[in-house]
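Numbering (UniProt numbering), first residue to last: 1 to 798.
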Amino acid sequence: MSLFSLLFILFIFLFIYFLYGVKWGGEGGDMILHRGEGVPPSGVHSHCYMRYRPPLSAEERLEEANRHIEKNPTDLPALLRRAKLLVRLEDYQAAQVDLSIIIDLPPGKSHSSDLVCAFFLRGICHVKLSCIDKAIADFTAALDIDPSHSRSTYERAACHNRKGNYTAAILDYERALQHDSMHVSYFSATHRNARSRFAKTRPHQRASLLSFGVIEPPRQDASSTLNVDGVHRNGDNGTKPPPAPPHNMYAKTSGLKAETSRLSRSAGTPIGSPERHQIVPTITSSSALSGNEEAELHQQRGLAYRKKGDYLRAIDEYSAALRIDPKNFKALFNRGFCSDKVEDYNAAIRDYEAAMKLEPGYAYTYYNLGISYDRWGGHYKEAIAMFDKAIALDGNNADFYHNRGFSQRKLGNYREAVKDYTMALSLDPQHFKAYYNRAFCYDKLGEGANAIADYTKAIAIQDDNPNAYHNRGAALEKAGRLDDAIADYTRAIQLDDGNPFTYNARGIVYDRRGKSDAALQDLTQAITLSPNNAIFYQNRAFVFQNMERFPEAVHDYNTSLALLDEEKRFTNGATTESKATQELNRLILKQHFNRGFCHAREGHYEAAIYDFSMVMATNPDNPVALYNRGICHDKVGNHKLAVEDFSHLIELDAENAEAHFSRGTALESLGEYAMALDDYAVAFKLDVDHSGLVEEGALAKFKSEHHAMVASQRVLRLLKEKKKILQLCEEHLNWLEDINLKVDARVNVMQWTPPLYIYIYIYILWGGGDCLYFGRIAASALCRCCCCCCFCFSGDCG
1 MSLFSLLFIL FIFLFIYFLY GVKWGGEGGD MILHRGEGVP PSGVHSHCYM RYRPPLSAEE
61 RLEEANRHIE KNPTDLPALL RRAKLLVRLE DYQAAQVDLS IIIDLPPGKS HSSDLVCAFF
121 LRGICHVKLS CIDKAIADFT AALDIDPSHS RSTYERAACH NRKGNYTAAI LDYERALQHD
181 SMHVSYFSAT HRNARSRFAK TRPHQRASLL SFGVIEPPRQ DASSTLNVDG VHRNGDNGTK
241 PPPAPPHNMY AKTSGLKAET SRLSRSAGTP IGSPERHQIV PTITSSSALS GNEEAELHQQ
301 RGLAYRKKGD YLRAIDEYSA ALRIDPKNFK ALFNRGFCSD KVEDYNAAIR DYEAAMKLEP
361 GYAYTYYNLG ISYDRWGGHY KEAIAMFDKA IALDGNNADF YHNRGFSQRK LGNYREAVKD
421 YTMALSLDPQ HFKAYYNRAF CYDKLGEGAN AIADYTKAIA IQDDNPNAYH NRGAALEKAG
481 RLDDAIADYT RAIQLDDGNP FTYNARGIVY DRRGKSDAAL QDLTQAITLS PNNAIFYQNR
541 AFVFQNMERF PEAVHDYNTS LALLDEEKRF TNGATTESKA TQELNRLILK QHFNRGFCHA
601 REGHYEAAIY DFSMVMATNP DNPVALYNRG ICHDKVGNHK LAVEDFSHLI ELDAENAEAH
661 FSRGTALESL GEYAMALDDY AVAFKLDVDH SGLVEEGALA KFKSEHHAMV ASQRVLRLLK
721 EKKKILQLCE EHLNWLEDIN LKVDARVNVM QWTPPLYIYI YIYILWGGGD CLYFGRIAAS
781 ALCRCCCCCC FCFSGDCG
């Protein structure tokens, strides 16, 4: 072939290339919007430029589009192009104007593919402007025209997610999973854009850490929770933290000593982790999706299930994603979150540790791992170590310090917890829970004024939080400001009238103020709301006890003991050293003590002895139980047992005047008068020494009226009377002995035994009692005298 022929062929090739080359490359031109920014399906084409032209910036292309539209205002492709550029430049309101022009055209004036693109892009603009309902309407309009438009399906699912319509979101995600390969390219672009945005906001982290569309929830109350992508936060998804209980109270009544503790917490019932059921996946793998994209869609559907609160289905979706992509960080991270929510802390910790190996620089993994350790129970040191690592990676996060303080608090390190809460507040002065929990620690440290101040600041941030009012009321109650405490409890009830603990707490304060009827009303309401809470029955029984309505008090104590015994059966496997078991045993003993007191006041001494003996079986040196049981033994005539109880009490406390006096009364009943007088003397001296009286008249009156003095005088009078009787008996005995000596000789002559009635008659004349012996002697002597007389009258006297 000649050179001319070659040149001619080359010229023809170049001519064809420049003539048709633009259309061959049109879809890849510079004017096409990237998939992640909402490009319509491939059927929608942009105006094309020559490939050899240098690329223009978005601003330059917008200027060209504006000039073109000025000349051709009805050019729909140009309007669509400009709208895409405006979206890319984030001028969403201007883009909406162009898109609305296209959408509002009469039917037939625009192609269906252009309408789909316009609805889709306007929906994107609505999302960016936070008009979620309008966005859903536009995505739905696009799907009405083209049901296979996967990008509209996906974006509508995301909108449903944001609105909390999780069922609708899940349905759209399932629909997206079944779409064709168009979704693959779009989703890949979206994922890349999300990662690039995350990389800009956290340049020190790796770009693939956070999932698309992260939203942090507002803070709520005192316990920890998670954000929408599985990061633990401070709220608790609406659950209420247990308020700090009011302090224990001990009360004594006259006569028998009553020692009663009133608590406002409930005895906890163990809660096991729910059994996980197997869920068969409803969506099979689409051949059009690559592995990573399918895994990501499972992860997104898991996110929708998690927001709906269906954590078990979410776990199954994350597990499906991990079967496809075992190194999917987000699936591991979020599955760990869901396992934590269903209280499977071992599984949560395993997932977080695996995620930590994939992304060792992500602070929230350590943060969530710390919270799982904290919730696991007894692993607070491990939790603190994880929070330390999170703080080392991100030292400006108030939540990290707050939750470390929370674990310190559970270890009893209240001062260290206060430091962490203070650091959290320095980073976030509006951190409600930091004030709330620091107040709790101040209360534990005995710094009531600081606790009240912090609860007041927490209320200033969230004035509709009932728990803050409840706990401030408890702190005010401890400070003795009972009316202010009642006001706070009342406000807490106004905000949440279904919390039995607040009714219980207010009822206790009403009782302390002497308002027994109001106290009974509140405690009855607490029992109505929580009928299986033993503490509420105990507290109502205490009010009945103070009102001396002992049968009703005994009935409530019986109910409380039955509930505590049932709870004890659930804790049989626990060691006796555990705090929960010790607290439960202490409550049971307290119930027996109080019930014994009420039985004694009702005169049911045997039942009271049983209850006090139950207390002493565990605590044999309980001084009040010893004293009260001794009183009951003395009442039923068990004077020796009473003396034993009082003697034991005196060994424990030799300065106990009441024990000396009560032992004296028991000894007096046994006829041990000398020892009884000794105990009365000791009791009298102790009370006089402790009276603090110096004025002579008052001291003299105190001595004369003292019960030990009265008892001593009674014993002395009794002894004096007995002494006179003994002297009289001795005189009669001597006289009778003289008579016996005179008639001995004559009695030997005539032995005569008087009839029995003679003995009885003389015994009655003599006064009976201790003089029976002397009566018998007198009868014998009299009979002997009669015999002598008979001899004399017969002339045989000699």
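The C-beta atom is built at its ideal place from N, Cα and C for all residues, glycine as well.
As the structure is a computational prediction, the values presented were derived from the model and not from experiment.
Contact check between the stretch 494 to 504 and the stretch 465 to 475: three or more CB pairs, one atom from each, fall below 8 Å, which counts as touching. Between serine 669 and isoleucine 631, the C-beta spacing is not below 8 Å.
For arginine 162 and phenylalanine 544, the gap between their C-alpha atoms comes out near 53 Å.
DSSP, read as helix, strand or coil, puts alanine 168 in helix. Three or more Cβ pairs closer than 8 Å define a contact, and the stretch 670 to 680 falls short of that threshold against the stretch 621 to 636. In the DSSP assignment, lysine 327 falls outside any alpha helix (DSSP H), carrying neither H nor E. For a cut-off of 8 Å, the C-beta gap from cysteine 441 to arginine 409 is around 6 Å, short enough to register as a contact. Secondary structure of glutamate 447 (DSSP, three-state): coil. In the assembly as shown, glycine 302 is a buried residue. Its beta-carbon has 16 or more other beta-carbons within 10 Å. The residue from Ala78, Ala698 and Asn437 with its alpha-carbon nearest to that of isoleucine 459 is Asn437. Ranked by how close their Cα comes to the Cα of glutamate 294, the residues Asn165, Tyr173 and Ala580 have Tyr173 in first place. If you draw a straight line from the Cα of glycine 309 to the Cα of leucine 626, it is about 56 Å long. Closest by C-alpha distance to tyrosine 401, out of Phe646, Gln538 and Thr422, is Thr422. For lysine 703, the enclosing alpha helix (DSSP H) stretches over residues 696 to 705. In the structure shown, the three-state DSSP call for threonine 502 is helix.
For glycine 123, the enclosing alpha helix (DSSP H) has its first and last residue at 112 to 128. Contact annotation: alanine 608 and alanine 600 have beta-carbon atoms nearer than 8 Å. When DSSP states are grouped into helix, strand and coil, asparagine 66 belongs to the helix group. Distance check between alanine 142 and each of Thr167, Ala168, Ser112 and Ala169 places Ser112 closest, using alpha-carbon atoms only. DSSP places alanine 534 in the helix class (H, G or I) of the three-state scheme. Taking all protein chains shown into account, valine 116 has 16 or more neighbouring C-beta atoms within 10 Å of its C-beta and is therefore buried. With 16 or more other Cβ atoms from the protein chains shown falling within 10 Å of its own Cβ, glutamine 525 counts as buried.
Put simply, of Tyr366, Lys357 and Ile315 the residue whose alpha carbon is nearest the alpha carbon of glycine 395 is Tyr366. Ranked by Cα distance from phenylalanine 120, the first of Leu105, Lys109, Ser100 and Gly108 is Ser100. In the DSSP assignment, aspartate 645 falls within the alpha helix (DSSP H) that extends over 639 to 652. DSSP, read as helix, strand or coil, puts lysine 515 in coil. The DSSP-derived three-state label of tyrosine 362 is coil.
Note on leucine 564: 16 or more other CB atoms within 10 angstroms of its CB, so buried under the neighbour-count rule. Judged by beta-carbon spacing, isoleucine 103 lies beyond the 8 Å limit of leucine 80, meaning their Cβ atoms are not closer than that value. Cα atoms of aspartate 621 and glutamine 582: separation of roughly 18 Å, rounded to the nearest angstrom. Secondary structure of cysteine 441 (DSSP, three-state): helix. Residues of the same chain with a CB within less than 6 Å of the CB of alanine 657, apart from the 5 flanking positions on each side, are Ala683, Leu686 and Asp687 in chain order.
Each residue's CA atom was taken as its position, placing leucine 62 and valine 87 some 11 Å apart.
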